[in-house]
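Engineer: The sequence shown begins at 123 in the working numbering and counts up by one.
Cβ coordinates follow ideal geometry from the N, Cα and C atoms, glycine included.
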Amino acid sequence: MDPIERLYLDAMMEDPEAPARSLRPQLLAGARARRRPAAPTAAWAEPYAGRVAAMDALLTSAVDDDWSRVIVEGWTLQELVAHLAAKDGLLAAAVGAPVLGPPMGATDSMGRTSDVQAYERARSPEQTRRDWRAQADALCRHLADLPPTTPATMDGMEVPVRDHLLARCLETWIHTADAARTARLRLPDPIADHIHPTADLCARLLPWTMLLSGMDGSGRTLHLTLTGAGGGEWQVPLGVEDTRPGTPDAHITADVVAFCFLLGGRGEPAEFPAELAGDLPLARDVLAAAPALSGP
123 MDPIERLYLD AMMEDPEAPA RSLRPQLLAG ARARRRPAAP TAAWAEPYAG RVAAMDALLT
183 SAVDDDWSRV IVEGWTLQEL VAHLAAKDGL LAAAVGAPVL GPPMGATDSM GRTSDVQAYE
243 RARSPEQTRR DWRAQADALC RHLADLPPTT PATMDGMEVP VRDHLLARCL ETWIHTADAA
303 RTARLRLPDP IADHIHPTAD LCARLLPWTM LLSGMDGSGR TLHLTLTGAG GGEWQVPLGV
363 EDTRPGTPDA HITADVVAFC FLLGGRGEPA EFPAELAGDL PLARDVLAAA PALSGP
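#1: Residue 260 to residue 368, Cα distance in whole Å?
#2: With DSSP as the reference, label residue 308 as helix, strand or coil.
#3: Within the same chain, show all residues whose beta-carbon is closer than 7 Å to that of residue 226, passing over the 5 residues directly before and after it, in chain order.
#4: Within 8 Å, do at least three Cβ pairs link the stretch 271 to 279 to the stretch 162 to 179?
#5: Start and end of the beta strand (DSSP E) containing residue 356?
#6: Below 8 Å on the Cβ atoms is my guess for residue 329 versus residue 360; work out the distance and round it to an integer in Å.
#7: Taking only three categories from DSSP, how would you classify residue 363?
#8: Is the separation between the beta-carbon of residue 193 and that of residue 304 shorter than 7 Å?
#9: Between the Cα of residue 352 and the Cα atoms of 323, 388, 344 and 314, which residue gives the shortest distance?
#10: Would you mind listing the beta strand (DSSP E) stretches within the stretch 168 to 220 that are 3+ residues and don't spill past its ends, in chain order?
#11: Only counting the same chain, and skipping five residues up and downstream in sequence, which positions put a Cβ closer than 6 Å to that of residue 242?
#12: Per DSSP, residue 390 forms a beta bridge with which residues?
#13: Could you check which residue in 406, 364, 220 and 174 has the C-alpha nearest to that of residue 297?
#14: Mind the definition here: the stretch 289 to 296 touches the stretch 330 to 339 only if three or more C-beta pairs lie below 8 Å; say whether that holds.
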């Protein structure tokens, strides 16, 4: 079976009580009958395509009350989906893929989010869902013909398009979980082959999160062990100019999914469940800085 098709909400578990007019009963029936993966794309883009499919399955049977419920950042579910469409559209613009929605004005994430949200508020939630899904599919189709090392600039950052897409994967994963939590649903995690490259991105971002937090990790090395399906071990040089790791100064062992979500701004670093060894102040600094790149 194609790994994307294994996703998705068949493993969803219900809590004993459902809030009034929740999407849960309709979603369980509708999503199981409709698990369309994202448009065919390159193998390296499948983690993102998988999260698109999971989010779409969650949205398919949402009712009116679900769409107007505030999910995160003061945004309703409709506004959250518009935010995802906005950021996917910015990546599409960066690689020459079709950009859907309103004409491109602002080219930063929050400016484009504001523009797309204003555009989508005048439309039905189902139109918003279809717009977001069409944007994601257009991006996936375009990426099928691109090498993962293709440079792409988004929000002033030029990195290989694969890293931008893994960031989109992580954000889509986190916001799917935000929406599911509000609806009191539990979702299965992505498959291990999709978690691992996302965790790898999170590990490689640590020097930058340290820098943005005003901490100089130059010459220091972290040994990071992430447990669970999709986890692994990384020797991370903590200075952005460091090219090779040295002997580890600090060690952090944590659950891979929890660590990805910490980088995505979910969870309190001071309360993050992890085993620390070696230079304990350095390990704590790494965790404190971890969410520095997260945003809405």
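Structural biologist: A quick look at the data gives this:
#1: As a position in the sequence shown, residue 260 is number 138, starting the count at 1. As a position in the sequence shown, residue 368 is number 246, starting the count at 1. Taking the straight line joining both Cα atoms gives about 42 Å.
#2: Translated into positions along the sequence shown, residue 308 becomes position 186. Residue state, collapsed to three classes: strand.
#3: Within the sequence shown, the letter at position 104 stands for residue 226. Cβ within range, chain order: 215.
#4: no
#5: On the sequence shown, position 234 is the one that residue 356 refers to. Note, residue 356: beta strand (DSSP E), 354 to 359.
#6: By one-based count along the sequence shown, residue 329 stands at place 207. By one-based count along the sequence shown, residue 360 stands at place 238. So it is a contact: roughly 5 Å between Cβ atoms.
#7: For the purposes of this step, residue 363 is taken as the residue at position 241 of the sequence shown. Coil, per DSSP.
#8: Here residue 193 refers to the residue found at position 71 when the sequence shown is read from its first residue. Here residue 304 refers to the residue found at position 182 when the sequence shown is read from its first residue. In this structure, residue 304 lies closer than 7 Å to residue 193 by Cβ.
#9: For the purposes of this step, residue 352 is taken as residue 230 along the sequence shown, with counting starting at 1. The shortest C-alpha separation from residue 352 is found at 314.
#10: 192 to 194
#11: Within the sequence shown, the letter at position 120 stands for residue 242. So the qualifying residues of the chain are 204 and 250.
#12: As a working mapping, residue 390 is identified with position 268 in the sequence shown. Bridge partners of residue 390: none, in fact.
#13: The residue labelled residue 297 in the question sits at position 175 within the sequence shown. Selected option, being the one with the closest Cα: 174.
#14: no
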